Amino acid sequence: MSRPSQWIAIVVVAALALLPFLPGAVDAYYFSFLFFVFLYAVMAQSWNLVAGYGGQISLGSHAFFGLGAYTTAILWSGNYLWGSLYDSHPNIYYFDPVTMLLGGFVAALAAVLIGLPLLSKLHGDYFALGTLGFGEIVKVIFVNGGDFTGGAFGIVAPASSFDTLRPHYWVGLGLMVATALAIRALMRSRYGLALIAVRDDEMAASANGIDTLKVKVAAFAGSAFIAGVAGSLYTFYIFHVGPDSVFDLDWMLLPLMMTVVGGTGTLLGPILGALVMYAVFDLARIVVPDYHPVISGLTIILAMLFLPKGLMRSFVGKARTA
Amino acid sequence: MQADETLLRLEAVKKRFGGLVVLNNIDIAVGANELIGLIGPNGAGKSTLFNVITAIYAPTEGRVSFRGKDITGIAPHRISRLGIARTFQLVRTFLTMTAFENVMVGAVYGAGGRVKHATEAATAALELVGLSARRDMRTAHMTLSDRRMLEIARAVASDPALLLLDEPMAGLNPTEIQRMVDVIRRVRADRGISMLWVEHKVDAIMKVCSRVIVLDHGEKIADGTPRDVTQNRKVIEAYLGEPAA
Amino acid sequence: MVNLPPPEILLQLSLNGALGGAMYGVAAVGLSLIFGTMRLIFLAQGAMIILAAYFVRALFYGLGVDPFLSLLIVVPVGLGVGWLIYQGLFRQAAAEADRNVSLLIAVGLMFLVQNLMTVIWGGNTAGVVTSYTASGIELFGVRTSFTRSMGFLIALSGTGLVMLFLRKTIVGKAVRAASEDMDAATLMGISPHRVNAIAFAIGISLAGAAGVAVATTFPFNPFAGFIFSLKALVALALGGIGNVTGALAGGILLGLIEAYVQFFISGGWTNAIAYGVFLLVLMFKPEGLFSRPYKKA
Amino acid sequence: MEISLKGMLAGLLLSSALGLGGTLVANAAGDEIVIGAPISLTGPLAGDGKEQKWAYEQAVADINKAGGIMVKAAGKKLPVRLVVADDESSEGKVASALENLIKVQKVDALLSTHSGPMNIAGAIVAEKYKKFYMITTAFPFEWQPLKLKYSALFFFHPGPGAEVPFQIWDKLPANEKPKHPALVSEDSPDGKGFGGAFEAAAKKYGYSFAVDDPWAIGATDYSALITKLKAADVDAMLVFGSPADTVTLLRQMKELGFSVPYLHGWKGTWTGEFHEALGPDSDYILTDGFWSASYPYKGAKELGDRYEAEFKKDSVTVGAFYANAQVLAQAIEKAGSTDAAAIHDAIFGQEFKDTVVGDLKFDDTGFALIPSVATQWWQGKHQLIYPDGNWTYKPAPAWDKR
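Rendered as structure tokens:
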């Protein structure tokens, strides 16, 4: 990023961060709209890391999102963390960074466990199919998890402390910015070099000393970590974590869609894609509530027919990938 | 480094795909600072041999060792880090990266930590193959000849003891071929890197290499100086048996 | 724990499981062709099956066409629709290096079709009731469903016809070659676009045939198709990608697995176990369970 | 890199436009009461959503016909306007739908959508924005632990609801009492909730299930399950599943020649589509419901007639949704405003007389119990058996003897 655009980015982020102080902003519709944009942008970055930069198309993001959400809800309901403090401070888990990071770690751990066998054995489409199967298995396991996971109903977290969307907004914005910065730093590091090398040509990468399995599993785990933290954030919004809500395929399909529309393998593509696509979906929902998914479906098809390289690359031919 | 030190040794290497034997009982030794040509008709098993050395394929039987250490079947990236670099017959560069970034991959990962100053090593490698001017060009936009040079630069940047060249001249015009020969000579002269060079253009090999190995139908049929090899009856048969190349 | 049940129950389980699985199989054959040539996970296949089922229903209630007779209409229409879908939606994307583009078009198509069906026919469960609905027949001394047996026949003959086409015609051979190597097909002088379009046409017409089987056997709603897509993918992997008879066999195997899991373990685990088998096959036998040993040259 | 600039600016513009749009839609408060409802207009529950929307529209039309709601703060009767937003049959989307209703449409109070998990998600959002969310169709065990202030619920407990079949069995002559009952429930939240309740109720009434199996939603083949039921000599089935799954199960039972005298379905058996998909085969099947047009309560029969006139079939749900709107309207009138805290006070611990589901008595947690209904399908009509039905249960003969 050149210097002026860096300044622009800082100004935009600062403006967004100050927005909640604007009178009436918190109760305006665009406030929750932006919160969802942030959340989806984080998920899109997560997918972009493994698929856009890493070249491994994963269809299992929703599983990691759900794992993060469940981790948060289980810690909450089961009184596992800060257990004794919980009774006197029922809000102790609310946006607790440790809880959120644990959500990410559990997802990342699952990604390593499933990624090692999958990525060492499967390439390309087979990996994509494998992650799709993995997502379904995780969902069934949680449905059958008994009291620990709350079974098919899931877990209801205490919601009494939830009376404003402000913290969600800030945490969402922070996560989006942090994810983008982290991925930017990562892609400028030696690890980023290896990741792109593996994406461009796996055989040449390994012939040049790159442990391709390690690089791919790390990208998969990193992506899962981001998705897990996003899932944790969502738990603080929805308060009811159930298999149908957090393992919903939409948590995989929509971020994927947003990334591709914005531009895979670009830093700002996922954010732009999340903003534009969520705006389209939301407008359709408001304007034509009875059949808005028809509009959404059409939009995706049209976007892919006319902007197959994504907004970032279509409007800036020179846009760099890394 | 002594001239007679053996870097790479293949012992009784055999590779079979299903019922087809592609390499049979191959013994090869490569010493330090040698430039060895590896020739043979189509389907002789030359590329397979490279793929066995760099562990893309595991040999069905036999042993590959490097500097006295058994490297049979270890992961390809570890072979690179030990000091064996290679290029590919169908050129394999990282297309979305710049020339410099490509070479950095070799300097950072291929060198396995041997190179202290990766940036300098990468710059020097580009300089050596004459690509300094294209340093920030995206590989996807480069010519085939430049990409072949880039592959060599990437390999050189990883500071290898042995470089496997897989038909570096394929698809190049005469001027580019001359440039390639110069680069190969320079790499050997400046860096003292041993090379095993698979080539279809036999005349180039005969001019440049001190030793030539000939494969035919998976068997090693000759191993000696260019003069010895050209007079070898089996070699003549192998090449005559093939439609004029 | 359940002791090993008497053989007639095992026979009953196996027969019914196999008949049910054949429907996944016929969906998988279509997916297999599309995947083989375009490397596209065509997630909209299930939605197309349900669309065909609604079409069959409309023909039955609107014009009185018997659902099984409507095969004669649905299959040719499917061929045309498949061809159009390819030319209109995927032709351009097939040339893109980024295969996400095709995948997303398939997802977009799925959203579109599902919701168009909801708008047109409503979201409620719909069904086709004929004189033979819910009637049973005796097969090998075991009682089974008439419509399922018909579905099985449709699956068998559909797969058989596709096999004949692939083996006996030049265009078919090109499609087959393309699923191994698109360049090989190009060398045979057939453009990739034609091969892709044919794969799509056959794939969608098979979805049409599956739609007939679904309409006669199940009640359905616009969203019932997705599970078919997933199950067909599992069948596809079990049978081996690009292997047409394997896809049908994979579907039947999946039906058997589900029946046995439901009987011996519990219905709650059928999906997890089916997907678990799917993962294991992908990892340890990615060429599928029914492929011949690997041969080079 | 100018795209980052353009993109971000475009984003800001877009979002402020959305915000502005929001303010423009806002009505001039005071002339009317805007009641919002998230409804499953699309997605798998769109069928239920249509019934719900119809019922809410009827209730609002009836209220307006009577001049609207008397609001003390305004000093006059205000007309009611109903605004709906699609929740796409998805828990995740209920929240977005409510954000839209509350912030863009500026609704004054809310009516619930359909099914437990979705209503939980809705109630939480409503709580945050202090808009009252009036719920029916959620199990109290899902909603009560949240201790929400700005929502109230009337529905039945899965506990008493699950006792219905056993109470029916208790009244049967000895030779008709099931000996090997089976429980088959889908692995959804409601199915699991009910499944547990059935198990508890069975214990209480001294029955044990010969087969107790969950089924996966959307499964297409039940032959293995049927084989299992046959092998266990099952003579009564309690089935919790979606309409499509239940119809498939029944068709396959017929195909395989397996029939039980007593088959009682939940969730999947009450819709008109169930009867349409099975025709005469739906006879003898018992089904749950939240309501019946044969209730003796005020307006029940009239509502049932209206539904039947419009859709040519009867309904066992619309009354519950209609009553939901009745309760909310009466509460607003009692409270004298649409302030969530005032509505809370008007409902919690209060009684509502003469709704189409009868008298509703809300306890201190904001919950009122209604009975679960059991009817038997007979020639395309729901015949009320429980509670206090005038229809005598007929055991189903074997398929070939019907």
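As given, the protein sequences belong to chains H, U, B and X, one line each in that order. Quick note on my numbering: the first sequence kicks off at 6 and runs consecutively. Quick note on my numbering: the second sequence kicks off at 83 and runs consecutively. Quick note on my numbering: the third sequence kicks off at 698 and runs consecutively. Quick note on my numbering: the fourth sequence kicks off at 140 and runs consecutively. Think of the CB as a built atom: it goes at the ideal place given N, C-alpha and C, for glycine as much as any other residue. None of these values were measured; they are calculated from a predicted model.
Just to confirm, are residue i and residue j a CB contact at a threshold of 9 angstroms?
i, j, result
"B:Leu-861", "H:Ile-306", "no"
"U:Gly-171", "U:Ala-252", "First, the amino acid is wrong: residue 171 of chain U is Gln here, not Gly. Contact: yes."
"B:Ala-971", "B:Leu-945", "no"
"B:Ala-741", "B:Met-807", "yes"
"H:Gly-267", "H:Ala-49", "yes"
"X:Leu-292", "X:Asn-314", "no"
"X:Ile-471", "X:Ile-172", "yes"
"H:Met-282", "H:Tyr-35", "no"
"X:Trp-530", "X:Thr-514", "yes"
"B:Ala-904", "B:Gly-733", "no"
Going by alpha carbons, who is nearest to residue i out of the options?
i, options, result
"B:Ser-828", "B:Glu-705, B:Thr-913 and B:Ile-895", "B:Thr-913"
"U:Ala-243", "U:Ala-222, U:His-223, U:Ser-276 and U:Gly-212", "U:Ser-276"
"H:Ile-188", "H:Tyr-131, H:Ser-66, H:Leu-170 and H:Asn-53", "H:Asn-53"
"X:Ile-178", "X:His-253, X:Thr-385 and X:Leu-523", "X:His-253"
"H:Gly-315", "H:Val-220, H:Thr-271, H:Asp-206 and H:Val-117", "H:Thr-271"
"U:Ser-240", "U:Glu-202, U:Phe-132 and U:Gly-150", "U:Glu-202"
"H:Met-309", "B:Leu-756, B:Leu-760, B:Tyr-751 and B:Arg-796", "B:Arg-796"
"X:Ser-280", "X:Pro-304, X:Gly-255 and X:Ile-356", "Note that residue 280 of chain X is Phe in the sequence shown here, rather than Ser. It is X:Gly-255 whose Cα lies nearest to the Cα of X:Phe-280."
"H:Phe-153", "H:Gln-61, H:Thr-76, H:Asp-287 and H:Pro-122", "H:Thr-76"
"U:Pro-308", "U:Phe-99, U:Ala-206, U:Met-262 and U:Leu-120", "U:Leu-120"
"H:Asp-255", "H:Ala-223, H:Gln-11, H:Val-220 and H:Pro-298", "H:Pro-298"
"X:Pro-284", "X:Ala-383, X:Ile-263 and X:Ala-336", "X:Ile-263"
Who are residue i's beta bridge partners in DSSP?
i, result
"B:Arg-840", "B:Glu-835"
"X:Lys-437", "For X:Lys-437, which the question treats as bridged, DSSP gives no partner whatsoever."
"X:Trp-354", "X:Glu-325"
"B:Phe-917", "B:Ala-823"
"H:Ile-160", "H:Val-246"
"X:Arg-220", "X:Val-173"
"X:Met-273", "X:Leu-250 and X:Ala-291"
"U:Arg-98", "U:Val-103"
"U:Arg-91", "U:Ala-111 and U:Ser-147"
Excluding sequence positions up to five away, which residues of its chain have a Cβ less than 8 angstroms from the Cβ of residue i?
i, result
"U:Leu-117", "Ile-266, Arg-270, Ser-276, Met-277, Trp-279, Val-290, Cys-291, Ser-292 and Arg-293"
"H:Ala-22", "Trp-175 and Leu-178"
"B:Ile-834", "Arg-840, Thr-841, Ser-842, Phe-843 and Ser-846"
Can you find the residues in the same chain that come closer than 7 angstroms, C-beta to C-beta, to residue i, ignoring five residues on each side of it along the sequence?
i, result
"H:Ala-68", "Phe-139, Gly-140, Val-143 and Phe-252"
"H:Val-17", "none"
"B:Ser-902", "Val-772, Gly-775, Leu-776 and Gly-779"
"X:Leu-144", "Any reading at X:Leu-144 is ruled out, since the residue's pLDDT is 47, under 50, leaving its predicted position unreliable."
"U:Glu-93", "Asp-109, Gly-144 and Arg-145"
Quick one: residues in its chain with C-beta nearer than 6 angstroms to the C-beta of residue i, no 5 flanking neighbours on either side, listed in chain order?
i, result
"X:Asp-372", "His-319"
"U:Tyr-321", "none"
"X:Asp-351", "Leu-322"
"B:Lys-993", "Note that B:Lys-993 has pLDDT 32, beneath the 50 cutoff, so the model's placement of it is unreliable and the number below is only indicative. Result list for B:Lys-993: empty, nothing under 6 angstroms."
"U:Asn-133", "Tyr-139"
"X:Trp-409", "Thr-426, Gly-428 and Val-455"
"X:Leu-240", "Gly-175, Ala-224 and Val-246"
"X:Glu-230", "Pro-256, Met-257 and Ala-260"
"U:Ser-227", "Leu-254 and Glu-258"
"B:Phe-975", "Val-931 and Ala-934"
Between the stretch 169-186 of chain X and chain H, which residues of the former have a C-beta closer than 7 angstroms to a C-beta of the latter? Leu-180 and Thr-181
Residues, ordered as in the chain, of the stretch 240-251 of chain H that lie near chain B by beta-carbon distance below 9 angstroms: none
Under 8 angstroms, CB to CB, which of the residues in the stretch 212-245 of chain X have a partner in chain H? Val-223, Ala-224, Asp-225, Glu-227, Ser-229, Glu-230, Gly-231, Ala-234, Ser-235, Ala-236, Glu-238, Asn-239, Lys-242 and Val-243
Taking Cβ-Cβ distances below 7 angstroms as the criterion, which residues of the stretch 321-338 of chain X are in contact with chain H? Asp-326, Ser-327, Pro-328, Gly-330, Lys-331 and Gly-332
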